[in-house]
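In terms of the working numbering, the sequence shown has 635 at position 149, counting the first letter as 1, and numbering is strictly consecutive.
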Amino acid sequence: MNTILGVPAMEEYIRMCNDGVRQGWHERNGGNLTYRMTKEDVEECAPYLKPESERGDWVPIGVKAENLTGEHFISTGSGKFLSNVSLEPQNSICIVEINAEGDAYRIVWGLEKGGRPTSEFPTHFMSHSVRKRVTEGSNRVIYHAHTPSLIALTFVLPLTAKAFTKALWTSATECPVVFPGGVGVVPWMVPGGTEIAVATCKLMEKYDAVVWTHHGLFVSGATFDNAFGLMHTIEKAADIHIRALSCGQGIRQTITDDDLRAIGKAFGVTLNKEFLD
Ligand code: 13P
Ligand code: ZN
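Structure (structure tokens):
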């Protein structure tokens, strides 16, 4: 390891961007990924970070999170293509540090040709804050992707957590095991601001996956694999649901609530009872 790109966290981050691109979830600059670095990650990256004298001004995030003061995040750059992350990481992603008040960032590595973290940084930041608290520090990854089948469902299903959770849980047998808490739904909103950040992070109190109506999905995970796997599982279930509906005869038979309870019991997971009749 003789560059920052050899740091394991950077390697995994870059690989995950590629995995999302391979799925077709990241047209143009669509989607974004942030990772809350561990102390060890920051130590491994330290030799490659800008010296204090070269760090720019603090940039207000527009939201505040006291439990994220002093944290470091890897973030995709706003307007940058995830397909370019592995080709030109230094111009596509950055590492930011958070100030002592928990309301501003500055870039300490990357985006060498200029730029700023993703326009969805307020949502990522507030979601990290909530998930760090509710998972007692275990969740470190927040991922947003433009998942086509799930987006399509936001045009035909009622925009409720129950309708989406049931449609997804019953579309593939292992879904309830992967997201036993279900998914939340944010109504259509202008992306990139504090309003959608507040709406999303409220739902992140309860859910590790939040649908953005007519836009995509936000997920949270402890590891890159878990976050990616959650995104992948939900999108695949949405795709199956659409294929079944597309046969044109409606849903003739499906997984029942008792079946769902049986899956929960067999796999030792507690399904969110709000969604079971
Ligand atoms: P950014 O390029 O700013 O990350 O925006 C992409 C996106 O998906 C907005 O929701
Ligand atoms: Zn988006």
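Even for Gly, the Cβ is constructed at its ideal location relative to N, Cα and C.
Pairwise C-alpha distance: residue j and residue i
{"i": "V574", "j": "T489", "result": "Before going on, a small fix: residue 574 reads as Glu here, not Val. Using only the alpha carbons, I get a separation of about 14 Å."}
{"i": "E526", "j": "P537", "result": "19 Å"}
{"i": "A647", "j": "R617", "result": "19 Å"}
{"i": "V528", "j": "F650", "result": "38 Å"}
{"i": "E540", "j": "Y534", "result": "13 Å"}
{"i": "P666", "j": "Y693", "result": "9 Å"}
{"i": "R514", "j": "P608", "result": "21 Å"}
{"i": "E557", "j": "A683", "result": "19 Å"}
{"i": "H701", "j": "H718", "result": "16 Å"}
{"i": "S605", "j": "R738", "result": "43 Å"}
{"i": "A653", "j": "T524", "result": "36 Å"}
{"i": "P603", "j": "T742", "result": "44 Å"}
{"i": "A695", "j": "V594", "result": "29 Å"}
{"i": "G736", "j": "Q509", "result": "28 Å"}
{"i": "A586", "j": "S615", "result": "15 Å"}
{"i": "H610", "j": "A723", "result": "24 Å"}
{"i": "A752", "j": "P662", "result": "11 Å"}
{"i": "A495", "j": "G750", "result": "33 Å"}
{"i": "L645", "j": "V697", "result": "9 Å"}
{"i": "L703", "j": "T633", "result": "7 Å"}
{"i": "D744", "j": "G754", "result": "15 Å"}
{"i": "A532", "j": "A748", "result": "49 Å"}
{"i": "G734", "j": "L491", "result": "49 Å"}
{"i": "V664", "j": "P677", "result": "27 Å"}
{"i": "E691", "j": "A590", "result": "23 Å"}
Chain-order list of residues whose beta-carbon lies under 7 Å from that of residue i (same chain, five-residue window excluded)
{"i": "K599", "result": "N577"}
{"i": "L597", "result": "G563, N577 and C580"}
{"i": "A685", "result": "V672 and M675"}
{"i": "T680", "result": "G548, V549 and P608"}
{"i": "R619", "result": "N553"}
{"i": "I726", "result": "S657 and A658"}
Whether residue i touches residue j by CB criterion (8 Å)
{"i": "T699", "j": "T740", "result": "no"}
{"i": "S561", "j": "G601", "result": "no"}
{"i": "I438", "j": "L643", "result": "Only positions 487 to 763 of the chain appear in the structure, and residue 438 is not among them; the question remains open."}
{"i": "E552", "j": "V493", "result": "no"}
{"i": "L746", "j": "L731", "result": "no"}
{"i": "G668", "j": "L689", "result": "no"}
{"i": "Y629", "j": "V545", "result": "no"}
{"i": "T621", "j": "G588", "result": "no"}
{"i": "A638", "j": "H512", "result": "no"}
{"i": "Y521", "j": "F559", "result": "yes"}
Cross-strand partners of residue i (DSSP beta bridge)
{"i": "V676", "result": "Answer is none; V676 lacks a bridge partner."}
{"i": "H610", "result": "DSSP output for H610 lists no bridge partner at all."}
{"i": "T520", "result": "S561 and I628"}
{"i": "Y591", "result": "V545 and I584"}
{"i": "S706", "result": "I628"}
{"i": "G596", "result": "C580"}
{"i": "P603", "result": "G563"}
{"i": "A695", "result": "V705"}
{"i": "V616", "result": "Bridge partners of V616: none, in fact."}
{"i": "V671", "result": "V697"}
Cβ-based neighbour list, residue i, same chain, cut-off 6 Å, excluding 5 preceding and 5 following
{"i": "G715", "result": "none"}
{"i": "S569", "result": "V507"}
{"i": "M612", "result": "V549, A683 and C687"}
{"i": "F710", "result": "E498, M502 and V627"}
{"i": "S572", "result": "I500 and N504"}
{"i": "N758", "result": "G667 and G668"}
{"i": "T656", "result": "T740 and I741"}
Burial state of residue i, where buried means 16 or more other Cβ atoms lie within 10 Å
{"i": "E583", "result": "buried"}
{"i": "C503", "result": "buried"}
{"i": "S624", "result": "exposed"}
{"i": "T756", "result": "exposed"}
{"i": "R729", "result": "exposed"}
{"i": "T659", "result": "exposed"}
{"i": "G517", "result": "buried"}
{"i": "G542", "result": "exposed"}
{"i": "G707", "result": "buried"}
Neighbourhood of residue i by C-beta distance below 8 Å, restricted to the same chain and skipping five residues each side
{"i": "E760", "result": "A647, K648 and G668"}
{"i": "R592", "result": "R541, G542, D543, W544, V545, V582, E583 and N585"}
{"i": "A713", "result": "M502, V627, I628, Y629, V705, S706 and G707"}
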